[in-house]
Amino acid sequence: MSQLAYALDSQPGVQQQPVLLCQQQDLVPFSGVAARFAEHAIALFYLPGQDVELYGVSHIDPATGAPVIAHGLIGESGGEFYIAAPLHKQQYRLSDGQCLSDSELKLQVFAVQLQHGQVWLLPPTE
Numbered sequence: 000m001s002q003l004a005y006a007l008d009s010q011p012g013v014q015q016q017p018v019l020l021c022q023q024q025d026l027v028p029f030s031g032v033a034a035r036f037a038e039h040a041i042a043l044f045y046l047p048g049q050d051v052e053l054y055g056v057s058h059i060d061p062a063t064g065a066p067v068i069a070h071g072l073i074g075e076s077g078g079e080f081y082i083a084a085p086l087h088k089q090q091y092r093l094s095d096g097q098c099l100s101d102s103e104l105k106l107q108v109f110a111v112q113l114q115h116g117q118v119w120l121l122p123p124t125e
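Going by numbering that gives the first Met the number 0, the residue at position 59 of the sequence shown is 58; the numbering climbs one at a time, nothing skipped.
Below you can see the structure in the form of structure tokens.
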């Protein structure tokens, strides 16, 4: 398994401060990589040159329960980016996690930030 997948095993589960997930060099442009913080499997999507360059959503496919979202294909429609789940091809908006074909399905969205070559998971704002 990759170093990235286990980078945060020792971090506490309740997040109150920004957490370093990985380095920018771990990201693959216009593709996804998986990271983990406590019990959360996170799919990071890096879109260099776009208005929003980094998205973080759950790596777990809500339709199947499989950890596969980081392996999906990125698409764009009407100026919004989405990820097509690799197993059944549901499309989820990266901005809010909503499935475009089934209003019952939604990915959890994580606040992430690219700063000085590092990827940070920000505390929830709720």
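By construction, the Cβ of each residue, glycine as well, lies at the ideal position given by its N, Cα and C atoms.
Cβ pair count under 8 angstroms reaching 3, the region 29-36 against the region 71-85: The region 71-85 and the region 29-36 touch, with three or more beta-carbon pairs separated by less than 8 angstroms.
Within this structure, are the beta carbons of Ile-41 and Gly-55 separated by less than 8 angstroms? With respect to the 8 angstroms criterion, Ile-41 and Gly-55 are classified as neighbours on the basis of their beta carbons.
If we call anything under 8 angstroms between Cβ atoms a contact, is Leu-43 one with Ala-37? Remark: C-beta atoms of Leu-43 and Ala-37 do not approach each other more closely than 8 angstroms.
Measure from the alpha carbon of Glu-103 to the alpha carbon of each residue in Gln-114, Gln-90, Phe-109, then state which is nearest. Checked all of Gln-114, Gln-90, Phe-109; the closest Cα to Glu-103 is Gln-90.
Taking only three categories from DSSP, how would you classify Gln-114? Strand at Gln-114.
Delimiting residues of the beta strand (DSSP E) encompassing Gln-24: No residue range can be given for Gln-24, since it is assigned to no beta strand (DSSP E) and is classified by DSSP as neither H nor E.
C-alpha gap between Gln-15 and Pro-123, whole angstroms: Gln-15 and Pro-123: Cα-Cα distance of roughly 8 angstroms.
Same chain, Cβ closer than 8 angstroms to Gln-112, neighbours up to 5 away in sequence not counted: Scanning its chain for C-beta atoms nearer than 8 angstroms, with the 5 sequence neighbours on each side dropped, one finds around Gln-112 the residues Pro-17, Leu-53, Val-118, Trp-119, Leu-121, in chain order.
Considering only DSSP beta bridges, list what Ile-41 is partnered with. In the DSSP output, where bridge partners are listed per residue, Ile-41 has Ser-57.
If you follow the beta strand (DSSP E) that Leu-72 is part of, which residue opens it and which one closes it? In the DSSP assignment, Leu-72 falls within the unbroken beta strand (DSSP E) covering 72-76.
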